[in-house]
Every structure is written in structure tokens, then in C-alpha cells.
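Participant: Numbering follows full-length UniProt numbering, with no gaps: position 37 of the sequence shown is 37. We treat Cβ as the ideally placed atom computed from N, Cα and C, and that holds for glycine. None of the values given here were measured: they were computed from a predicted structure. Got a structure for you, questions after.
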Amino acid sequence: MTQKQQETCYQYWPQTGMVKFGEYTVDLTEEQTVIGYTIRKLSLSNTESGSAHQIVQLHITNWSPDGRCHNLSTVTSVISQMTNIQITTGNRPIVVHCSDTVGRSGMFCAIVTTIERCKTEGVVDVFQVVKALRVQKPGAVLTVAHYHLLFEAVLVYLDSFDTYSTFLSDKNP
Numbered sequence: 001m002t003q004k005q006q007e008t009c010y011q012y013w014p015q016t017g018m019v020k021f022g023e024y025t026v027d028l029t030e031e032q033t034v035i036g037y038t039i040r041k042l043s044l045s046n047t048e049s050g051s052a053h054q055i056v057q058l059h060i061t062n063w064s065p066d067g068r069c070h071n072l073s074t075v076t077s078v079i080s081q082m083t084n085i086q087i088t089t090g091n092r093p094i095v096v097h098c099s100d101t102v103g104r105s106g107m108f109c110a111i112v113t114t115i116e117r118c119k120t121e122g123v124v125d126v127f128q129v130v131k132a133l134r135v136q137k138p139g140a141v142l143t144v145a146h147y148h149l150l151f152e153a154v155l156v157y158l159d160s161f162d163t164y165s166t167f168l169s170d171k172n173p
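Encoded structure:
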């Protein structure tokens, strides 16, 4: 994958069909483009052991490497989609990454964690979320613009619910 004509990371999924990496194959089984992001269903197989795992990839396409997200409702839609996938798949692990390993992925983790803490504690405490996140991901949420984006994304998410009780019922559908 490239940004500003510079390769930033290797695309590990095929555009169509299957790609092989040593003993592993990645098969693109389904792809759906939604406004601002793409949903991919992948099958990851180990050809030596025969084991296979089904993966759902949510790829945000309208969040630029400089951290500007062109539509925050895309991020909140991905969070809702991710929550639904977790519910239907039995809380399988989630992997969040971006090309520089900390910028957009750090922001996404901060947004999700802030929303989850708001659901469980009823409080939006961005400072504590960022402080805890930086223990595992130093360099996450560094600028005033990052904090602004974090607050805006949480606000967009909370505003998507008619009432507080609707918001609370979302955590336990």
C-alpha cells in the first residue's frame, strides 16, 4: 500500500482470489464497499496443518495518513459494525493497525475505549483513556487535533442514539 507515492506497508490480502505466503494462504471470499470503508471476509489457511480461520476486515478508506478523517460517521459506523461482528462471532480477537502503527490505529483504539468506558461507567474521561493507552502504544493521541478528533468522534457516536437508555441498551442487545 502506498501513501504519497511511498510504500508504507504490504497489502496482505488479495484483490481477488487467493495469495500465498509460505505455508499460509489468504483467500478473499467476500468484499463489500460501504461509504468510507470496505468490509472484507478472508479465509486464512495453514497448508501444512490444515487449520483455517475466518477473518472479517473493516478497512477505513477515508481516514488519511495525516490523521484527518473526512467523515467521522464512518468511524462510528465501523465501531458499530465491529460490535455486531463481535456479538455474532463470540468475541474473537480484534487486531487494529495502520501504516505507521500508532496514528490512526491509536486514535481508533482511543475512540473505542472512550465509548466503552462511557457505556460501563457513564463518564467520558479522555485523559484517563489516553494515559492508559500510551502505556501500550506510546505516541498515541499526541496533538490538540487528535484530542479534538477523539472528542468529536465520541460525540458523533453518542448523538447517534435517541436517548441515553437506547445507548445503554446497545451494549447488551
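For my contact list, Pro65 and Gly103 are in at a C-beta cut-off of 8 Å; report their separation, rounded to the angstrom.
Facilitator: Residue numbering aside, residue 65 sits at position 65 when the sequence shown is read from its first letter. Residue numbering aside, residue 103 sits at position 103 when the sequence shown is read from its first letter. That pair is a contact at about 7 Å.
Participant: By a C-beta neighbour count over all protein chains shown, 10 Å radius and 16 as the cutoff for buried, is Phe108 buried or exposed?
Facilitator: Stepping through the sequence shown from its first residue, residue 108 is reached at position 108. It counts as buried.
Participant: Please name the residue or residues paired with Ala52 in a DSSP beta bridge.
Facilitator: The residue given as residue 52 occupies position 52 in the sequence shown. Partner(s): Ser45.
Participant: Output the distance between the C-alpha atoms of Asn172 and Glu121, rounded to the nearest integer angstrom.
Facilitator: Against the sequence shown, residue 172 aligns to sequence position 172. Against the sequence shown, residue 121 aligns to sequence position 121. Residue confidence for Asn172 is low, a pLDDT of 49 falling below 50, so the modelled location carries little weight; the figure read from the coordinates is stated next. Approximately 14 Å, taken between the alpha carbons.
Participant: Kindly indicate which residue of Ser105, Thr74, Thr89, Thr88 has the alpha-carbon position closest to the one of Val96.
Facilitator: The sequence position of residue 96 within the sequence shown is 96, counting from 1. Residue Ser105 is the option with its Cα nearest to Val96.
Participant: Say whether the region 108–117 touches the region 129–143, bearing in mind that this needs 3 or more beta-carbon pairs closer than 8 Å, one atom from each stretch.
Facilitator: In short, these stretches touch, since the Cβ pair count reaches three.
Participant: Thinking C-alpha only, which one of Asn91, Gly36, Tyr147, Leu72 is nearest Tyr157?
Facilitator: On the sequence shown, residue 157 is found 157 positions in, with the first residue counted as 1. Comparing Cα positions, the closest option is Leu72.
Participant: Under three-state DSSP, which class holds Ile39?
Facilitator: Within the sequence shown, residue 39 is the residue found at index 39, counting from 1. Here Ile39 sits in strand by DSSP.
Participant: What residue ranges within the region 69–118 form continuous beta strand (DSSP E) runs of no fewer than 3 residues, ordered along the chain?
Facilitator: The region 69–118 contains no whole beta strand (DSSP E) run of 3 or more residues.
Participant: Output the distance between the C-alpha atoms of Tyr153 and Val34, rounded to the nearest integer angstrom.
Facilitator: Working through the sequence shown from its first residue, we reach residue 153 at position 153. Working through the sequence shown from its first residue, we reach residue 34 at position 34. Just to set this straight, residue 153 is Ala in the shown sequence, not Tyr. Spanning the two alpha carbons is a distance of roughly 19 Å.
Participant: Taking only three categories from DSSP, how would you classify Thr2?
Facilitator: The sequence position of residue 2 within the sequence shown is 2, counting from 1. Summary for Thr2: the model assigns pLDDT 47, below 50, so the residue's position carries little reliability; its value from the coordinates is reported in the next sentence. The answer is strand: DSSP assigns Thr2 an E or B state.
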